[in-house]
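Take a look at the structure below.
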Amino acid sequence: MRPEDRTAPIGDHVTDDRTAEVAERLGVDPRVLAVLVAAPWRAADGHDTGPVTERVGVRGTVYVGVPSPAELRELDLPADGLRHFGLTPADLRRGGWTDADLRSAGLLPPGAEPDPVAWFVAGEPAQLMLGFDPAGPVLLARPEPRRAGDRPVLDPVDAVEVPVLPGCADPDGDAGLAVRQVRDGLLRRARRRLTHCVVCLRPVHRAATVHGACHGCAGRWLGFVL
Ligand SMILES: [Zn+2]
Numbered sequence: 001m002r003p004e005d006r007t008a009p010i011g012d013h014v015t016d017d018r019t020a021e022v023a024e025r026l027g028v029d030p031r032v033l034a035v036l037v038a039a040p041w042r043a044a045d046g047h048d049t050g051p052v053t054e055r056v057g058v059r060g061t062v063y064v065g066v067p068s069p070a071e072l073r074e075l076d077l078p079a080d081g082l083r084h085f086g087l088t089p090a091d092l093r094r095g096g097w098t099d100a101d102l103r104s105a106g107l108l109p110p111g112a113e114p115d116p117v118a119w120f121v122a123g124e125p126a127q128l129m130l131g132f133d134p135a136g137p138v139l140l141a142r143p144e145p146r147r148a149g150d151r152p153v154l155d156p157v158d159a160v161e162v163p164v165l166p167g168c169a170d171p172d173g174d175a176g177l178a179v180r181q182v183r184d185g186l187l188r189r190a191r192r193r194l195t196h197c198v199v200c201l202r203p204v205h206r207a208a209t210v211h212g213a214c215h216g217c218a219g220r221w222l223g224f225v226l
């Protein structure tokens, strides 16, 4: 699976509690996290969700007219504004910017793939997803199961930006209430898509059933190879 698929495998997650990591990345107390969104959280994307390691860039020739990141900081100019002068990331790199400089300015190095969103999922069955987008605010979404070849994956859909979640300390403050409102809306939509497996009677996502049975039961009792 390629990272840009933004999908997540279902299963093999039960023992993988990443709640502490999610709370730390958000700068939120785990107890506040549990009340604000959900708990526990598990990894949802099948690839490494650790911090992105910066590739070390090589400084090229410094051309006159392209300011260095340090010069920009001294002048208190936003790096983003360079685009208005017609300077692309490629121009900046030719002017001596490293890939790390570009990324720290919120620009994508030429030829680089955008970093994938690190998705976490909560609920059994999955009902809420939380995504760390390296290039944007924290996201909340609801999971939609889908078959990708021979494996079930979760797609985050209806993603909502929740910039007020990181650092939120008071679940009953304005920021906390805003987060919970987003969460509740996503949960309502997610739960409308749940049904019960006709065999084991456990709740299951409608899109993840075969003749009304969850995948486990379809394999065990109905003879489907999934
Ligand atoms: Zn079942």
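Residue numbers (the working numbering): 1 to 226. Even glycine gets a Cβ: it sits at the ideal position worked out from N, Cα and C.
- Item | T88, buried or exposed, once every other Cβ within 10 Å from all chains shown has been counted against 16 | exposed
- Message: Quick check on the burial criterion: 16 or more other C-beta atoms within 10 angstroms. Buried or exposed for R93?
- Response: buried
- For the beta strand (DSSP E) containing H205, list its first residue and its last residue. P203 to H205
- Task: Check each residue's C-beta against every heavy atom of ligand 1 and list, in chain order, those closer than 6 Å.
- Result: C197, V199, C200, R202, A213, C214, G216 and C217
- Pairwise C-alpha distance: F132 and V160: 12 Å
- What's the C-alpha gap between P69 and P110? 17 Å
- Thinking L165 and V138 are a contact (beta carbons under 8 Å), I'd like their distance in whole angstroms, please. 5 Å
- State yes or no: is the C-beta of P152 within less than 8 Å of the C-beta of H215? yes
- Message: Could you pull the DSSP bridge partners for T19 from this structure?
- Response: Partner(s): none; T19 has no beta bridge.
- Task: Tell whether a beta-carbon distance below 8 Å holds between P30 and A38.
- Result: no
- Query: What are the partner residues of T88, as DSSP defines its beta bridges?
  - Reply: Answer is none; T88 lacks a bridge partner.
- Item | Beta-carbon contacts of D16 that lie in its chain and below 7 Å, excluding the five residues immediately before and after | R42 and A43
- Query: Hey, L194 and R206: beta-carbon distance below 8 Å or not?
  - Reply: yes
- Task: Please classify R189: does DSSP put it in a helix, a strand, or coil?
- Result: helix
- Query: When the Cα atoms are used, what is the spatial distance from G95 to P67?
  - Reply: 8 Å
- Query: Across which residues does DSSP place T195 in a beta bridge pair?
  - Reply: V204
- chain B contact for D155 (CB, 8 Å cutoff): Absent from the structure: chain B. Only one protein chain is present.
- Message: Rounding to the nearest angstrom, what Cα-Cα distance links P116 and G176 in this structure?
- Response: 27 Å
- What residue does the alpha helix (DSSP H) around D101 start on, and which one ends it? D99 to S104
- Beta-carbon proximity check, Q127 vs A208, cutoff 8 Å: no
- Item | Cα-Cα separation between V229 and C217, rounded to whole angstroms | Past the edges of the chain, shown from 1 to 226, lies residue 229, and the structure says nothing about it.
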